[in-house]
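Enquirer:
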Amino acid sequence: MNAPANEPAAGAPALAVSDLSHAFGKAKALDGVSFSVPAGRFAALLGQNGAGKTTLFSLITRLYNNRSGSIRVYGADVRQQPSVALAQMGVVFQQRTLDLDLSVVQNLSYHAALHGIAPGVARPRIAEALARAGLDDKARQKIRTLSGGQIRRVEIARALIHRPRLLLLDEPTVGLDIGSRQDILDHARLLCREEGIGLLWATHLIDEIADGDQVIILHRGRVLADGTVEDVVRQSGADNLRDAFTRMTGPTGPRTAGGGKP
Numbered sequence: 002m003n004a005p006a007n008e009p010a011a012g013a014p015a016l017a018v019s020d021l022s023h024a025f026g027k028a029k030a031l032d033g034v035s036f037s038v039p040a041g042r043f044a045a046l047l048g049q050n051g052a053g054k055t056t057l058f059s060l061i062t063r064l065y066n067n068r069s070g071s072i073r074v075y076g077a078d079v080r081q082q083p084s085v086a087l088a089q090m091g092v093v094f095q096q097r098t099l100d101l102d103l104s105v106v107q108n109l110s111y112h113a114a115l116h117g118i119a120p121g122v123a124r125p126r127i128a129e130a131l132a133r134a135g136l137d138d139k140a141r142q143k144i145r146t147l148s149g150g151q152i153r154r155v156e157i158a159r160a161l162i163h164r165p166r167l168l169l170l171d172e173p174t175v176g177l178d179i180g181s182r183q184d185i186l187d188h189a190r191l192l193c194r195e196e197g198i199g200l201l202w203a204t205h206l207i208d209e210i211a212d213g214d215q216v217i218i219l220h221r222g223r224v225l226a227d228g229t230v231e232d233v234v235r236q237s238g239a240d241n242l243r244d245a246f247t248r249m250t251g252p253t254g255p256r257t258a259g260g261g262k263p
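Numbering of the sequence shown is given in the numbering used here, commencing with residue 2 and proceeding in unit increments.
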């Protein structure tokens, strides 16, 4: 039996991208991109700067309109059912978007209001999100007084206020020190394990990817590999993920995990 048109499909992947292409004029930013992220999975979208990661995020979140291929969030097509798809999605973009002169609670309350969440419902959700992020003692502080890592955790807390089941993070650790980077990674993986959230983490940093993660290698707008770290390394014939990535994206041209041309 199919799910109602205004509800996500049970058992569907958190995110399913199929044959997605996008161009800026004659320049092709994405070319036939396909992959899926199951619920509860931490999936790393690995690619160099200019690989197409931000374009992909812009299409998933409807900042750009996809004219080819499909994007589904728990079965809801972002073009045909945008309100259903976007309601299931929380996003942290690379550029910070919090109001620096408002407090942590004010930023989160404003976001809740934009989603139509009543103040009486929003207050306990905000308290819960801040406690989970280890920021309950920062609730009344202005954003500009926080460290870079704390600001990122506030952005993640904000993205979770409306209870999404898919979380997108675009290069969330850029500019952070090693300790703050690890804190954000640990927090993201905990959300996958404890909340069952499907999570797509865009990065160019190989050391942010753990052995148990799904890794999707994007290069010049094409997916060259998609699988567990172990699978990608084995299929490429490399010794580790760094070597596999170098082989696939090196100066001899893009190669799939199996060694062939994409």
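For glycine and all other residues, C-beta sits at the position ideal for the given N, C-alpha and C.
(1) Taking the alpha helix (DSSP H) that Lys143 falls in, what are its first and last residues?
(2) May I ask which residues mark the beginning and end of the alpha helix (DSSP H) holding Asp178?
(3) For the stretch 182-191 and the stretch 49-60, state whether three or more C-beta atom pairs, one from each stretch, are separated by less than 8 Å.
(4) Below 8 Å on the Cβ atoms is my guess for Leu201 versus Leu46; work out the distance and round it to an integer in Å.
(5) Skipping 5 residues on each side, what residues in its chain have a beta carbon closer than 6 Å to that of Ala86?
(6) Output the distance between the C-alpha atoms of Glu172 and Ile210, rounded to the nearest integer angstrom.
(7) Helix, strand or coil for Val106 per DSSP?
(8) Given a threshold of 16 other Cβ atoms within 10 Å of its Cβ, counted over all protein chains shown, does Pro5 qualify as buried or as exposed?
(9) Kindly list the residues whose CB is nearer than 6 Å to the CB of Ala134, restricted to its own chain and excluding five residues on each side of it in sequence; keep chain order.
(10) Short of 8 Å in beta carbon distance, which residues of its chain neighbour Ala160, apart from the five on each side in sequence? Order them along the chain.
(11) Do Pro165 and Gln89 have their beta-carbon atoms positioned less than 7 Å apart in this structure?
(12) Can you tell me whether His220 is helix, strand or coil according to DSSP?
(13) Taking all protein chains shown into account, decide if Val18 is buried (16 or more other Cβ within 10 angstroms of its Cβ) or exposed.
(14) Below 7 Å between beta carbons: does that hold for Leu109 and Ile162?
(15) Which residues bound the beta strand (DSSP E) around Arg73?
(16) For Leu99, does the three-state DSSP call read helix, strand or coil?
(17) So within the stretch 16-90, which uninterrupted alpha helix (DSSP H) runs reach at least 4 residues, ignoring any that extend past its ends?
(18) Give a yes or no on whether the C-beta atoms belonging to Leu21 and Val34 are separated by under 7 Å.
Expert: For this structure:
(1) From DSSP, Lys143 is part of no alpha helix (DSSP H); its letter is neither H nor E.
(2) Element bounds for Asp178: n/a, residue is neither H nor E.
(3) no
(4) 6 Å
(5) Val74, Ala77 and Val79
(6) 13 Å
(7) helix
(8) Per-residue confidence for Pro5 stands at a pLDDT of 49, beneath the threshold of 50, marking its modelled position as unreliable; no derived number is given.
(9) Arg154 and Ala158
(10) Gly91, Val92, Val93 and Leu168
(11) yes
(12) Reduced to three states, the DSSP call for His220 is strand.
(13) buried
(14) yes
(15) Ser71 to Val74
(16) Correct three-state label for Leu99: coil.
(17) Annotation note: the stretch 16-90 contains the following uninterrupted alpha helix (DSSP H) runs of length 4 or greater, listed N- to C-terminal: 54-61 and 83-88.
(18) yes
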